[in-house]
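Q: Here it is, the structure in full.
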Amino acid sequence: MKKMLKTSGQLIIGALVGFFGMLVLLEDDFRIDLSGYAFIGNIALLAIAALLTLLTIYFYFSVLSLTNQEFTGDDEDAAEGRMYRRYSDASLCSNVAMLISLAALSVTAITGQAFWMLVTGIALTFVSAALSFILSSLVQKMYPERELPSINDTDYAKKLLEVSDDGEKHVMLGGLYKTHYTMNSLLVGAVILLLLYSIASDSSQLFSIFTIVIILTVTNIQYLIHVRNK
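Residues in the sequence shown are numbered from 1 upward in steps of one, following UniProt numbering.
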């Protein structure tokens, strides 16, 4: 109940701030033009994506090195914890690298930046996506004693839950629920921001708004139908 009241309060405050902010912006033509910062911004995005990709490779080989070593007793528990953390860091770096690479690729295509930026963006996108796939298959080497499903298995998610213990299921489902809640909140906020920007700048963002609304609708229907049928 407290969480619901807190969330409702935040939404009301956000709506009021957005409403009065819109009134201020409507007093003048408001447009956000970032084309002047496209080159330096793209350089920064590509550099960050490249750094994250290198970190992913480092963490990958670090985990691989630990899987090829033998530990006993307390050393085994410590090594397993270190291996899990580095695997998680590698997954985070690869996913963020792929998203930032896509952002850089979009900036290059829209603003007509240098060709080498386009090639670099495409390369980083594919490399980071490939690393994400490779990391998924690394789990079987991390836990060879467990019958973990292959990432290529069509029922991968279902089989992974079947071989997971209650503690692991609790962690996974807790993370998924938080992600679902956060994604809904952020996307709704994005729709509101796009709406306010469309009104203030007289630049239609309907395509973006409808795209986000469709994503929200599909994901929520999928989630609620799955929960309802259980």
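The C-beta atom is built at its ideal place from N, Cα and C for all residues, glycine as well.
1) What first and last residue would you give for the alpha helix (DSSP H) that runs through Y84?
2) Answer with buried or exposed for Q222, where buried requires no fewer than 16 other C-beta atoms within 10 angstroms of its C-beta.
3) How big is the Cα-Cα spacing for V163 and V171?
4) If distances are taken between C-alpha atoms only, which option among L187, S65, L196, L194 comes closest to T219?
5) Nearest to A123 by alpha carbon, out of T53, G175, F133?
6) Grab the span of the alpha helix (DSSP H) containing N184 for me, first residue to last.
7) At what residues does the alpha helix (DSSP H) containing T125 begin and finish?
8) Within this structure, are the beta carbons of A190 and A104 separated by less than 9 Å?
9) Please classify L5 as buried or exposed, where buried requires at least 16 other C-beta atoms within 10 Å of its C-beta.
10) In whole angstroms, give me the CA-to-CA distance for G167 and Y84.
11) Compute the beta-carbon to beta-carbon distance between A90 and V63, rounded to the nearest angstrom, for a pair I have assumed lies under 8 Å.
12) Can you list, in chain order, the residues of its chain whose CB lies under 6 Å from that of G121, leaving out five sequence neighbours each side?
13) Using C-beta distances below 6 Å, list every residue in its chain close to P144, excluding the 5 sequence neighbours before and after it, in chain order.
14) Please list the terminal residues of the continuous alpha helix (DSSP H) segment that includes residue 234.
15) Give the straight-line distance between the Cα atoms of G36 and V213, rounded to the nearest whole angstrom.
16) So K159 and D165 are supposed to be a Cβ contact under 8 Å. How far apart are they, rounded?
17) If you follow the alpha helix (DSSP H) that S208 is in, where does it begin and where does it stop?
18) If you draw a straight line from the alpha carbon of A79 to that of Q205, how long is it in whole angstroms?
19) Look at the alpha carbon of Y60 and the alpha carbon of M142, and state the distance between them as a whole number of angstroms.
A: On the basis of the data shown:
1) Unbroken alpha helix (DSSP H) run through Y84: 74-111.
2) Flag for Q222 reads exposed.
3) Linking V163 to V171 through their CA atoms gives a straight-line distance of about 14 Å.
4) Comparing Cα-Cα distances from T219 to each of L187, S65, L196, L194, the minimum goes to L187.
5) Among T53, G175, F133, the Cα nearest to that of A123 belongs to T53.
6) Start and end: 166-201.
7) Segment 115-142, the alpha helix (DSSP H) holding T125.
8) The Cβ atoms of A190 and A104 do not sit closer than 9 Å to each other.
9) Confidence is the limiting factor: at L5 the pLDDT is only 47, short of 50, which leaves the residue's position unreliable, though a coordinate-based value still follows. Burial is judged here by how many other beta carbons sit within 10 angstroms of a residue's own beta carbon; L5 has fewer than 16 and is exposed.
10) About 15 Å.
11) A90 to V63, Cβ: 7 Å. Contact.
12) The answer, listed in chain order, is S101, A104, L105, T108.
13) Within the same chain, no Cβ atom closer than 6 Å to the Cβ of P144 is found once the five residues on either side in sequence are excluded.
14) Nothing about residue 234 can be reported from this structure: the residues present for the chain run from 1 to 230 only.
15) In a straight line, the C-alpha of G36 is about 30 Å away from that of V213.
16) Actually they do not touch by this definition, with Cβ atoms about 14 Å apart.
17) 206-229 is the span of the alpha helix (DSSP H), which, as asked, contains S208.
18) Note on geometry: alpha-carbon atoms of A79 and Q205 lie some 50 Å from one another.
19) When rounded, the separation of the alpha-carbon atoms in Y60 and M142 is 11 Å.
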